[in-house]
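Report on the structure given below.
Okay, here's the thing in C-alpha cells:
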C-alpha cells in the first residue's frame, strides 16, 4: 500500500474517532455503552496510528521479507 492510500485511510480513522468522541459525555464513563464508545475511540486512534506510521512495514508488506 502506498503512502497516499495509508494517509487517506489514517485520516478516515481519525475522523471516526472524532465523531465517536463527540458523542461522549464529559464525565467519567459509567454505563456499558459509554465504556464501549471510549473503546471505539481508542481503537480507531490505534488503527489510524498503524496506517499513518506503518510500524515495521506491516501495512506495506515490507516487514515480512
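Numbering (our numbering), first residue to last: 356 to 420. No residue lacks a Cβ here, since even glycine has one placed at the ideal position from N, Cα and C.
Report the residue from the options whose alpha carbon sits nearest the alpha carbon of residue i.
i, options, result
"residue 382", "374, 373, 392", "392"
"residue 362", "408, 412, 396", "408"
"residue 367", "398, 415, 385", "398"
"residue 404", "365, 394, 386, 413", "365"
"residue 360", "413, 412, 406", "406"
Anyone know if the C-beta pair for residue i and residue j falls short of 7 Å?
i, j, result
"residue 356", "residue 415", "yes"
"residue 396", "residue 370", "no"
Could you name the residues of the same chain whose beta carbon sits closer than 7 Å to that of residue i, not counting the 5 residues immediately before and after it, in chain order?
i, result
"residue 378", "392"
"residue 390", "384"
"residue 402", "368"
Taking only runs of the alpha helix (DSSP H) that begin and end inside the segment 362-420, which ones reach a length of at least 4 residues, in chain order?
387-408
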